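Step one of this worksheet: look at the structure below.
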Amino acid sequence: MDAKTCLVLLFDSTSEALLTEKLLKGSGIPHKIIPVPRHLSSDCGACIQFLASDKESVCETLDGRVDIRDICPIG
Amino acid sequence: MNLMGKIIYMDNAATSWPKPEGTMKAMAEYSHSIGASPGRSGHRMSLDAGRVVLDARESVSELFCVKNLLRVVFTKNATEALNIAIAGLLMPGDHVITSGMEHNSVMRPLRLMEKKGVELSIIPCSPSGEMNPEDVSRCIKKNTRAIYLTHASNVTGTIMPIADIGKIAREKGVIFCVDAAQTAGVIPIDVEEMCIDILAFTGHKSIFGPQGTGGFYMTEGLEKEVCPIMTGGTGSRSESEEHPDFLPDRYESGTPNVIGIAGLNAGIRFIRSIGIETIRKKELKLTATLMEGLKSIPEVTLYGCGDAKRQTAVVSFNISGMDSSEVAMALDEKFHIMSRPGLQCSPAAHRTIGTFSAGTVRLSLGYFLEKDDIQAVLFAVQKLVQR
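Chain order of the listed sequences is A and B.
This note's numbering puts the first residue of the first sequence at 10, with every later residue one more than the last.
This note's numbering puts the first residue of the second sequence at -8, with every later residue one more than the last.
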């Protein structure tokens, strides 16, 4: 997964990140769970990287099921 | 009868034993190959630990028909969960309602709040431990904040009319908190249908998990009104010195008992594999056999509603002329039967059924017992009576 073509989902807690992982896995959307890049947040938890082209289906899958703090580019 | 010296464990209302193989296996597997802190780092072992906890949250949410699994919080037992629900919510001037069949896990935190200016109404129950929902309805006042009620008594097993009282609480806008320590895993619970706002459960009884596990479900939005009783590190929002306001982190400070939670999850998987109805049916049959047998011994006084269908697998009795401790000791030493004498941490329930302060001998059955074990207990009680 090339960081340039990816976005990350930021959450308030790792529980939300792991629930998201479960939901994305269930929908077959490629993703990777990574430590939160320090320039994005001072949080010590995990976030989820996915292809920018999948943004719509990611949002559809998570709608109403997970609280997303932010969606942003990695760079 | 039990001449082989086999242990007959009938203290399942305290802690279930034995546990399914899967419970021990899940705990060993976690310890061997994961072992890290969940939610505190991005490395694979920490993430795997987080996945173990998340899977367990999902299992608990399925067991209680909870829609959002992040509304399930883990604590060390039902007592901690109830303390959060009581001490975290109530303020001086509030009025609360409970029953005369409660365990001290509800009664003591409520008595403590009473000293701080909370008004407490204890609904009397019948000598068989039963409660009339209309009595609750009549007791609700303008300042009634919450109803705290056991799902089933740990002394008589009597099942409370939870769904009826839930409906009353919902209609009157009163928070409804249920102590499911004696029922979670063996009596079906639907938090939506039963209008339960907070459901406290423990992992070490009918859920077949280890000691040191438990938790609660909390309805959406109630976290704004319930303060945590413990704050600290959660792995989330580490930049802030203010405690998180979202679930489950709000009530889960410090490194959780992941090894125990892994065991709890395996316990729920075991329940799923057998079927909660099958477990209940077997326990009900054993309980009915035990009750019938005890009823036929004239020197025995049996407590509770007398109908296995309206209670859990908990049977309280006394033998005339014998102290409950004496009976329990003889059952252990002579017949290898584990029971629990005395008040079982529920003085209120014993006042209700008329056995305060002598208490009763409590036999609490479980899924792993068989008909032969019941016969062995009945044989033992008969021998004690003949002495």
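Cβ atoms here follow ideal geometry from the backbone N, Cα and C, with glycine treated the same way.
These numbers come from a predicted model, not from an experiment.
Taking contact to mean at least 3 C-beta pairs separated by less than 8 Å, is the segment 121 to 131 of chain B in contact with the segment 150 to 160 of chain B?
-> Put simply, the segment 121 to 131 of chain B touches the segment 150 to 160 of chain B. At least three CB pairs are less than 8 Å apart.
Ranges of the beta strand (DSSP E) found wholly within the segment 275 to 342 of chain B, counting only runs of at least 3 = Taking only runs of at least 3 residues, the beta strand (DSSP E) segments lying wholly in the segment 275 to 342 of chain B are 291 to 293 and 305 to 310.
Under 8 Å, do B/S90 and B/C56 count as touching if we go by C-beta distance?
-> Residue 90 of chain B sits at position 99 when you count from the first residue of the second sequence. Residue 56 of chain B sits at position 65 when you count from the first residue of the second sequence. Contact flag unset, no.
Chain B contacts from the segment 16 to 41 of chain A (Cβ-Cβ distance under 9 Å) | Interface annotation for the segment 16 to 41 of chain A against chain B: F20, D21, S22, T23, S24, E25, A26, L27, L28, E30 and K31, criterion Cβ-Cβ distance under 9 Å.
Helix, strand or coil: which one does DSSP assign to B/E49?
-> For this step, residue 49 of chain B is matched to residue 58 along the second sequence. The three-state secondary structure of B/E49, taken from DSSP, is helix.
Any beta-carbon of chain B closer than 8 Å to the one on A/D52?
-> Position 43 of the first sequence, counting from 1, holds the residue named residue 52 of chain A. Yes, because at least one Cβ of chain B sits closer than 8 Å to the Cβ of A/D52.
Which chain B residues sit within Cβ distance under 9 Å of A/A55?
-> Mapped onto the first sequence, residue 55 of chain A falls at position 46. Scanning chain B for C-beta atoms nearer than 9 Å to the C-beta of A/A55 yields G30, S32, G33, S37, L38 and G41, reported in chain order.
Give me the Cβ distance between B/I267 and B/V291, rounded to the nearest whole Å; I'm assuming they're in contact under 8 Å.
-> Indexing the second sequence from 1 puts residue 267 of chain B at position 276. Indexing the second sequence from 1 puts residue 291 of chain B at position 300. That belief does not hold up - the Cβ atoms of B/I267 and B/V291 are roughly 31 Å apart, past 8 Å.
Could you work out which residue in B/S119, B/S337 and B/K276 is closest to B/A4 when comparing CA atoms only?
-> Position 13 of the second sequence holds residue 4 of chain B. Here the closest residue by C-alpha is B/S337.
Using the beta-carbon of each residue, which ones in chain B are nearer than 9 Å to A/I43?
-> Along the first sequence, read from residue 1 onward, the residue named residue 43 of chain A stands at position 34. Correct list: G33.
Would you say B/G91 reaches chain A, if we count a Cβ-Cβ gap shorter than 8 Å as a contact?
-> Start at 1 with the first residue of the second sequence, and residue 91 of chain B comes out as number 100. Chain A contact via Cβ: absent.
Just how far apart, CA to CA, sit B/N59 and B/N145?
-> Start at 1 with the first residue of the second sequence, and residue 59 of chain B comes out as number 68. Start at 1 with the first residue of the second sequence, and residue 145 of chain B comes out as number 154. B/N59 and B/N145 have their alpha carbons spaced roughly 30 Å apart.
Which class does B/T70 belong to by DSSP, given the choice of helix, strand or coil?
-> For the purposes of this step, residue 70 of chain B is taken as the residue at position 79 of the second sequence. Per DSSP, reduced to three states, the secondary structure at B/T70 is helical.
B/R228 to B/M15, Cα distance in whole Å?
-> Sequence index remark: in the second sequence, residue 228 of chain B carries index 237 (1-based). Sequence index remark: in the second sequence, residue 15 of chain B carries index 24 (1-based). One C-alpha to the other measures close to 34 Å.
Inter-residue Cα distance where the pair is B/R48 and B/T210 = As a first step, residue 48 of chain B is located in the second sequence; it is residue number 57 there, counting from the start. As a first step, residue 210 of chain B is located in the second sequence; it is residue number 219 there, counting from the start. Cα-Cα distance, rounded: 15 Å.
B/P235 touches chain A at which residues, Cβ-Cβ below 8 Å?
-> In the second sequence, the residue the question calls residue 235 of chain B occupies position 244. Simply D21 and S22.
Do three or more CB pairs link the segment 218 to 226 of chain B to the segment 188 to 205 of chain B at distances below 8 Å?
-> No contact exists between the segment 218 to 226 of chain B and the segment 188 to 205 of chain B.
Closer than 8 Å to chain A by CB, B/E230 = For the purposes of this step, residue 230 of chain B is taken as residue 239 along the second sequence, with counting starting at 1. Look at B/E230: its C-beta is under 8 Å from a C-beta on chain A.
In the segment -4 to 56 of chain B, which residue ranges form an unbroken alpha helix (DSSP H) of at least 4 residues, counting only runs that do not cross its ends?
-> Segments of the alpha helix (DSSP H) lying fully in the segment -4 to 56 of chain B: 12 to 24 and 35 to 54.
Alpha-carbon to alpha-carbon, A/F20 and A/D63 = Mapped onto the first sequence, residue 63 of chain A falls at position 54. Mapped onto the first sequence, residue 20 of chain A falls at position 11. Rounded to whole angstroms, the gap between the alpha carbons of A/D63 and A/F20 is 18 Å.
To the nearest angstrom, report how far apart B/M329 and B/S355 are at their CA atoms.
-> The residue labelled residue 329 of chain B in the question sits at position 338 within the second sequence. The residue labelled residue 355 of chain B in the question sits at position 364 within the second sequence. The alpha-carbon atoms of B/M329 and B/S355 are separated by roughly 9 Å.
Tell whether a beta-carbon distance below 8 Å holds between B/V43 and B/I252.
-> Looking up residue 43 of chain B in the second sequence gives position 52. Looking up residue 252 of chain B in the second sequence gives position 261. Going by C-beta atoms, B/V43 is nearer than 8 Å to B/I252.
Coarse secondary structure for A/Q58, derived from DSSP in three states | Mapped onto the first sequence, residue 58 of chain A falls at position 49. Three-state DSSP puts A/Q58 in a strand.
So what's B/D170 in DSSP terms, helix, strand or just coil?
-> For the purposes of this step, residue 170 of chain B is identified with residue 179 of the second sequence, where counting begins at 1. Of the three classes helix, strand and coil, the one that applies to B/D170 here is strand, per DSSP.
At a Cβ threshold of 8 Å, is B/P124 touching chain A?
-> Looking up residue 124 of chain B in the second sequence gives position 133. Cβ-Cβ to chain A under 8 Å: no for B/P124.
In chain order, what residues of the same chain lie with their CB nearer than 7 Å to the CB of B/I25, ignoring the 5 residues before and after it?
-> Along the second sequence, read from residue 1 onward, the residue named residue 25 of chain B stands at position 34. In chain order, M36, D39, A40 and V43 place their CB closer than 7 Å to the CB of B/I25, counting only its own chain and leaving out the 5 sequence neighbours on each side.
For B/E93, which option in B/L293, B/S287 and B/Q335 has the closest C-alpha, if you only look at C-alpha atoms?
-> Taking the first residue of the second sequence as 1, we reach residue 93 of chain B at position 102. For the residues B/L293, B/S287 and B/Q335, the minimum Cα distance to B/E93 belongs to B/Q335.
Counting contacts by CB-CB distance shorter than 8 Å, is B/L54 in contact with chain A?
-> Position 63 of the second sequence holds residue 54 of chain B. No, no contact with chain A.
Use the C-beta contact count for B/R331: other C-beta atoms within 10 angstroms, 16 or more gives buried, fewer gives exposed.
-> For the purposes of this step, residue 331 of chain B is identified with residue 340 of the second sequence, where counting begins at 1. Classification of B/R331: buried, given that the 10 Å Cβ count is 16 or more.
Pair within 8 Å by beta-carbon distance, B/L369 and B/L277 = Mapped onto the second sequence, residue 369 of chain B falls at position 378. Mapped onto the second sequence, residue 277 of chain B falls at position 286. Contact: no.
Counting only beta-carbon atoms, is B/S50 nearer than 8 Å to chain A?
-> The sequence position of residue 50 of chain B within the second sequence is 59, counting from 1. B/S50 does not count as touching chain A.
Report all residues from its chain with a CB closer than 8 Å to the CB of A/I43; omit the five preceding and five following residues, and keep chain order.
-> For this step, residue 43 of chain A is matched to residue 34 along the first sequence. Non-local beta-carbon contacts of A/I43 in its own chain, meaning distances under 8 Å to residues more than five positions away in sequence, involve V17, A55, C56, I57 and Q58 in chain order.
Between which two residues does the alpha helix (DSSP H) harbouring B/I259 extend?
-> One-based indexing of the second sequence puts residue 259 of chain B at position 268. Element bounds for B/I259: V249 to I265.
List in chain order: all unbroken beta strand (DSSP E) runs of 3+ residues lying wholly within the segment 56 to 125 of chain B.
-> The beta strand (DSSP E) runs of length 3 or more contained entirely in the segment 56 to 125 of chain B are, from start to end of the chain, 63 to 66, 86 to 90 and 110 to 114.
In chain order, what residues of the same chain have a beta carbon less than 8 Å from the beta carbon of B/H327, not counting five sequence neighbours either side?
-> Looking up residue 327 of chain B in the second sequence gives position 336. Cβ within range, chain order: N(-7), G(-4), K(-3), I(-2) and I(-1).
With burial defined as no fewer than 16 other Cβ atoms inside 10 Å of the residue's Cβ, what is the status of A/D79: buried or exposed?
-> Here residue 79 of chain A corresponds to residue number 70 of the first sequence, with the count starting at 1. A/D79 comes out exposed.
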